[in-house]
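Undergrad:
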Amino acid sequence: MWKNIDIAVEKTTKLKDKPEADKLGFGRHFTDHMFLMDWNRELGWHQARICPYQPFHMDPAATVLHYGQAIFEGLKAYRGDNGQIYLFRPEDNLERMNRGAVRMSMPRFSVDLVLKGLKALVYLDRDWIPAVNGASLYLRPTMIGVDPYLGLKPADTYTFYIIMSPVGSYYSGGFSPTKIYVCRDYVRAVKGGVGEVKTAGNYAASLLAYDMANKAGYTQVLWLDACERKYVEEVGTSNIFFVLDDTVVTPPLGGSILGGITRDSVINLAQNWGMTVQERPITIDEVLAASRDGRLKEAFATGTAAVISPVGELFCDETSYPINGGAAGPLAERLFAELQAIQYGRGEDPFNWRMRV
Ligand code: COI
1 MWKNIDIAVE KTTKLKDKPE ADKLGFGRHF TDHMFLMDWN RELGWHQARI
51 CPYQPFHMDP AATVLHYGQA IFEGLKAYRG DNGQIYLFRP EDNLERMNRG
101 AVRMSMPRFS VDLVLKGLKA LVYLDRDWIP AVNGASLYLR PTMIGVDPYL
151 GLKPADTYTF YIIMSPVGSY YSGGFSPTKI YVCRDYVRAV KGGVGEVKTA
201 GNYAASLLAY DMANKAGYTQ VLWLDACERK YVEEVGTSNI FFVLDDTVVT
251 PPLGGSILGG ITRDSVINLA QNWGMTVQER PITIDEVLAA SRDGRLKEAF
301 ATGTAAVISP VGELFCDETS YPINGGAAGP LAERLFAELQ AIQYGRGEDP
351 FNWRMRV
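Okay, so the sequence shown: first residue is 1 according to the UniProt record's numbering, each after it adds one.
1) Can the beta-carbon of LYS76 be found less than 7 Å from the beta-carbon of TYR138?
2) Which stretch, first to last residue, makes up the beta strand (DSSP E) that contains GLY44?
3) Work out the CA separation of THR304 and LEU115 for me, nearest whole Å.
4) What are the partner residues of THR302, as DSSP defines its beta bridges?
5) Under DSSP, the beta strand (DSSP E) around MET34 begins and ends at which residues?
6) At a cut-off of 6 Å, is GLY201 close to the ligand COI when judged by its beta-carbon and the heavy atoms of the ligand?
7) Only counting the same chain, and skipping five residues up and downstream in sequence, which positions put a Cβ closer than 6 Å to that of ALA299?
8) Is it buried or exposed, SER136, if we count other Cβ atoms within 10 angstroms and call 16 or more buried?
9) State the Cα-Cα distance for the pair GLY151 and PRO60, rounded to the nearest angstrom.
10) Helix, strand or coil for VAL64, going by three-state DSSP, please let me know.
11) Identify whether SER320 lies in helix, strand or coil by the three-state DSSP scheme.
12) Put LYS119 into one of helix, strand or coil per three-state DSSP.
13) How is the alpha helix (DSSP H) around ALA205 delimited, first residue to last?
14) Should LEU94 and VAL111 be called a contact, given that it needs their Cβ atoms to be closer than 7 Å?
15) Could you spell out the range, first to last residue, of the beta strand (DSSP E) harbouring ALA77?
16) Give the C-beta separation of GLY168 and GLY134 to the nearest angstrom, bearing in mind that I take them to be a contact with Cβ-Cβ under 8 Å.
17) Please go through the same chain and pick out, in chain order, the residues whose beta-carbon is closer than 8 Å to the beta-carbon of ASP127, but skip the five residues on each side of it.
18) Can you list, in chain order, the residues of its chain whose CB lies under 7 Å from that of residue 358, leaving out five sequence neighbours each side?
19) Which residue comes first and which comes last in the alpha helix (DSSP H) that contains SER265?
20) Check each residue's C-beta against every heavy atom of the ligand COI and list, in chain order, those closer than 5 Å.
21) Indicate whether residue 367 and THR159 have their beta-carbon atoms separated by less than 7 Å.
22) I need the boundaries of the alpha helix (DSSP H) containing VAL102, first residue and last residue.
23) Note down, in chain order, each residue of its chain lying with its Cβ closer than 6 Å to the Cβ of VAL9, except the 5 sequence neighbours on either side.
24) Quick check on DSSP: helix, strand or coil for SER172?
25) Using three-state DSSP, classify ARG346 as helix, strand or coil.
26) Does the Cβ-Cβ distance between TYR170 and ALA306 come in under 7 Å?
27) With a threshold of 6 Å (Cβ to nearest heavy atom), would ALA131 be considered close to the ligand PLP?
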């Protein structure tokens, strides 16, 4: 279906200074090179290349700047103790991006070609993969519509690119439990909309509530469904899980929630450990009632950037609900350790999620 495209490589003549591996934060530093390719209706995807990291020249009328035709992904490359470089389920990210492309009227791409480019890019900039435990190289594949045209229609020209950033923990507190603000005033996404797509506008729409929560001392927002404002959907950066007695519960994917790769990995790991996992609608009232009567044992969020982030407190309707005494729970700890063991090549990989670069 896809024509064979060669990937040209232009190496930089001036390598950048690298940041200290224990002071990375998240998404502030970028490596020496990037991957790029272009699409138009005549040629399809063409001119795949790796080149020095550089700013774009973009027309101020570009579609992405006005109508938000943008999709992106987040995945990571890890440096194992043995020096081997690993990716975690990269094909799942790229296939999800292709599904997003269809929803956003953007062109699909060959997963094999992008994976080849991604691996070549990671290998070329491999010295940027931090050797510190918990740190990794975050990869951000992105596709944008770039037509200089103000009429409302899908663009005729697109740019696909991958940039890479060495990262530590997403939250400054690392694995310390987060405090989550339940948002009643705004909604993130509605079924039939684009909530299940990793598109820029979903994140733009979340920022006002995030900002309010953040100013009030909360790490993130927990979104409720847009119609009844009672079912739990997801956290700003991640999916959400609750442990009610000994059952693991997470909201089902129904169109408005992003189908996280970490979410899917957690479901598989927990089921493999013999736990009962329910993907079912769960109301915020059920969660809060379970907190009051002691059935809510723990809660945690999952995502590529956030990995497993324990939730130590929910704040809803002016009331605070501590979870597990504000401490990380045992399942979050076990999942975090197990995922890291797989990602850094330290443990068995029963699901074949790890890919060597
Ligand atoms: C990721 O987890 O990769 C994301 O894209 C979340 C983003 C808001 C940092």
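Just so it is clear, CB atoms sit at the ideal spot from N, CA and C, and this is done for glycine as well.
Just so you know, these numbers come straight off a predicted model, no measurement behind them.
TA: Taking the definition as stated:
1) A contact, by the Cβ cut-off of 7 Å.
2) 44-52 is the extent of the beta strand (DSSP E) around GLY44.
3) 18 Å
4) Answer is ASN239 and ILE308.
5) For MET34, the enclosing beta strand (DSSP E) covers residues 33-40.
6) no
7) PHE242, VAL311 and ILE323
8) SER136 comes out buried.
9) 14 Å
10) helix
11) strand
12) helix
13) 200-215
14) yes
15) 75-79
16) 7 Å
17) LYS18
18) Absent from the structure is residue 358, since the part of the chain shown begins at 1 and ends at 357.
19) 261-272
20) GLY74, THR237, GLY303, THR304 and ALA305
21) Residue 367 lies beyond the residue range present for the chain, which begins at 1 and ends at 357; the question has no answer from this structure.
22) Unbroken alpha helix (DSSP H) run through VAL102: 90-103.
23) ILE50
24) coil
25) coil
26) yes
27) The model depicted lacks the ligand PLP and carries the ligand COI instead.
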